[in-house]
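Reviewing the structure listed below.
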Amino acid sequence: MKTKYIVVTGGVLSGIGKGVATASIGNLLCKNYKIVTVKCDGYLNIDPGTMNPIEHGEVFVLDDGAEVDMDFGHYERFIGVNCKNEWNLTSGKIFSEVFEKERRGDYLGRTVQVIPHITEHIKSKIKGIAEKEKAEVMLIEIGGTVGDIESSWFVEAVRQMKYEKGMEMINVHLTFIPYLHTVEEQKTKPAQNDIALLREKGINPDIVIGRCEQELTEKSKNKLAVMSNLDIRQIIGGRDVASVYEVPLIFEGEGILEILHEKLFSEENKEEFMKKAKNHFEKWQALVKNILQPKRKVKIAICGKYTGLKDSYASVIEALRHAGANLDAGIEIKWIETTEIEEGRISIEEALNEVKGVIVPGGFGSRGVEGKIEVIKYARENDIPYLGLCYGMQLAVVEFARNVCEFDDANSTEIDEMTKFPVVFLMPSQRDIIKKGATMRLGGKDVLIKNGTYAENIFKTNGIRRRFRHRYEINPEYIKEIEHKGMIFSGMAKNEEIMQIIELPNHRFFMASQFHPELTSRLDKPDEMFYNFIKESLY
Ligand code: GLN
């Protein structure tokens with residue numbers, strides 16, 4: 044099948060959910076077409092890996108080890124694809140490659156310009172990815188708003204592509220319709236101006252999605268239709284929802300599949316197309332219903348230091364929702380700032396009041412660490428389900444070493460370089476690397492699961508693949524003694540002596556991993572560790 048392109052642009056405001064809208068369109072098509080998602084970001088960083096998570100939310104790690112922004116998390120969770128580093132085009136990446144070509148003399152001394160050189164480079168990258176991946180549908184999200192100078196070359200590149208002969212490309216434009224409570228009216232003027240701006244750039248949209256607090260009125264839709272030379276059916280209402288997973292259902296309800304068929308898939312029998320597109324729908328719908336109206340609720344504590352910034356744990360929250368939806372349980376998250384425990388401002392009992400399960404997620408540095416260790420000790424001793432993610436596994440080993448193995452003041456060398464018992468230490472492969480942030484052990488790796496363990500029981504296999512982002516590991520020197528005291532190392536790296544999973548057999552649920560299981564959890568395929576953690580927390 045020749046690649047069909049769906050370009051998603053946005054206007055009026057950033058942050059109105061372009062990533063989720065793109066992912067939702069992909070969701071509706073994903074069971075029947077091979078989908079590839081490209082994200083174009085205007086900024087000049089080559090990639091987002093070194094950007095501060097406080098500024099940009101969570102760093103999402105792809106299987107190939109790329110550190111990308113959270114939108115890729117939405118793509119993967121909604122569409123079930125495994126995205127690649129190459130699919131993230133930043134202005135920085137595009138310009139640096141053009142500069143390199145210029146230095147190499149590829150342009151034969153001609154004047155190098157944004158048009159045509161930058162735009163040609165963008166187009167060839169996009170087409171190159173489509174061809175290499177044999178994409179049936181390529182979704183291209185252009186970051187920012189159409190008026191932004193820094194994404195103007197991406198907008199221009201897709202404009203040129205859209206009008207190429209034989210090209211099958213449509214533009215979906217996401218705009219914003221504020222609701223003025225004082226006059227009880229939806230105001231379409233900003234959206235009208237925004238669509239006019241898009242047309243000024245030479246692009247007439249094929250579908251306009253109007254994000255609004257409420258359902259879009261007929262009147263609003265009409266105004267947007269006139270402004271964008273479209274039929275009213277091509278205006279899709281995108282009302283606010285309680286859960287992002289509802290968005291594909293809303294779009295479908297507004298008739299987006301009809302328009303997609305008309306514009307891009309008209310060679311396919313419509314009935315067949317609609318039937319195929321809806322075949323995963325019922326399951327998705329049922330899971331969304333469980334998120335919105337769960338039969339029961341369970342309170343889970345997440346202990347960390349960025350707790351003020353929930354975006355840094357976006358994937359952990361999503362993975363909890365996935366597990367909850369599949370167990371018909373609503374997840375109530377209690378954020379625990381562990382420095383408060385350390386400083387005695389709150390007792391553990393108070394902090395964990397009504398909490399049925401405890402998570403210590405990934406993290407770096409020493410702030411709040413002693414508090415986390417205290418919480419882990421409490422969960423271990425009181426049979427409270429515990430799930431440790433990366434740092435949460437390293438600290439669980441530190442806690443066990445101190446309090447069960449009686450290695451006084453055992454620690455990770457990340458926190459105390461001089462500790463007498465360095466049970467967690469810098470991986471040998473990381474020792475020569477001085478430049479922080481530049482490298483870590485990153486991306487998808489195979490994990491071998493030991494026979495007869497709880498891990499084998501829940502994964503139902505001896506080999507899984509999960510994603511990593513760390514610099515420290517369990518010190519192999521101490522493994523024998525720790526195991527002797529009852530902790531089991533049930534997951535191992537394939538060709539290295541790196542411990543990947545720990546578990547305590549005499550505990551209701553005490554499990555932690557060096558990898559980040561949250562990154563590969565999906566609503567329709569929850570991660571096994573999260574699933575069983577919630578299952579055990581429900582009792
Ligand atoms: N700070 C730890 C390390 O570098 C854990 C990292 C993490 O939790 N992602 O190994």
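Counting in our numbering, the final residue of the sequence shown is number 582, and the numbers go up one at a time with none missing. For glycine and all other residues, C-beta sits at the position ideal for the given N, C-alpha and C. All figures in this text were calculated on a predicted structure; none of them were measured in a lab.
Review point. For N131, does the three-state DSSP call read helix, strand or coil?
Key: strand
Worksheet item: Unbroken alpha helix (DSSP H) runs of length 4 or more, entirely within the region 221 to 292: which are they?
Response: 232 to 243 and 261 to 270
Taking the C-alpha atoms as reference points, what is the distance between E460 and L370?
-> 43 Å
> Around the Cβ of D283, are there at least 16 other Cβ atoms within 10 angstroms (buried) or fewer (exposed)?
Replying inline: exposed
Nearest-angstrom beta carbon gap, S564 and E375 [assumed within contact, 8 Å]:
Not really, about 18 Å apart at Cβ, beyond 8 Å.
With the cut-off set at 9 Å, would you say G406 and T218 are in Cβ contact? no
task = Could you say if the region 266 to 285 and the region 309 to 322 meet the contact criterion of at least three C-beta pairs nearer than 8 Å?
result = no
- Query: What span of residues does the alpha helix (DSSP H) with V440 cover, start to end?
  - Reply: Y434 to N446
query = Between the Cα of R662 and the Cα atoms of L438, P159 and E297, which residue gives the shortest distance?
reply = A question about residue 662 goes unanswered here, because the residues of the chain that appear run from 44 up to 582.
*Among residues of its own chain, excluding the 5 on either side of K47, which ones have a beta-carbon nearer than 6 Å to its beta-carbon?*
V180, E211 and L307
C-alpha distance - T504 paired with S533, whole-angstrom precision: 12 Å
* Cutoff 7 Å; reference A200; Cβ partners in own chain excluding five residues on either side -> T162, I165 and K166
Would the C-beta of C346 count as close to the ligand GLN, meaning under 8 Å from any of its heavy atoms?
no
### Query
Comparing the CB of G405 with every heavy atom of the ligand GLN, is any distance shorter than 8 Å?
yes
ask   = Just the Cα atoms here: how many angstroms apart are C346 and F197?
value = 41 Å
**Report entry** F115, DSSP secondary structure in three states
**Finding:** helix
So, with DSSP's three-state summary, where would you put D459? coil
A344 versus A329, K399 and L182, residue with shortest Cα-Cα distance: K399
G123 (DSSP reduced to helix, strand or coil): coil
Next item on the list: Could you tell me whether any non-hydrogen atom of the ligand GLN is closer than 8 Å to the CB of H224?
Entry: no
**Prompt:** For Y434, is the beta carbon positioned less than 8 Å from some heavy atom of the ligand GLN?
**Reply:** yes
Go ahead and label E392 buried or exposed: buried means 16 or more other beta carbons lie within 10 angstroms of its beta carbon, across all protein chains shown. exposed
Just the C-alpha distance for K168 and K82, rounded to the nearest angstrom, thanks. 12 Å
Beta carbon of V111 nearer than 9 Å to that of N88: no
* If L469 and R514 are in contact, beta carbons under 8 Å, what's the gap, nearest whole angstrom? -> 6 Å
Practice prompt. Taking 8 Å as the threshold, find out whether the region 489 to 497 comes into contact with the region 534 to 550 through three or more Cβ pairs.
Written response: yes
Item to complete: Could you tell me whether the region 414 to 428 touches the region 436 to 454, where touching means 3 or more Cβ pairs closer than 8 Å?
Response: yes
> Within 8 Å: the Cβ of E325 and any heavy atom of the ligand GLN?
Replying inline: no
Exercise. How would you write the range of the alpha helix (DSSP H) that H550 sits in, first residue to last?
Worked result: Looking at the DSSP string, H550 is not in any alpha helix (DSSP H), and its letter there is neither H nor E.
Flag this pair as yes or no: are the beta carbons of A64 and V55 separated by less than 9 Å?
-> no
- Classify V401 as buried or exposed, calling it buried when 16 or more other Cβ atoms lie within 10 Å of its own Cβ. buried
Helix, strand or coil, according to DSSP, for Y150 in the structure here?
coil
#### Entry: Cβ neighbour criterion (16 or more within 10 Å) applied to S139
exposed
Given this structure, state the Cα-to-Cα distance separating W327 from K319, to the nearest angstrom.
14 Å
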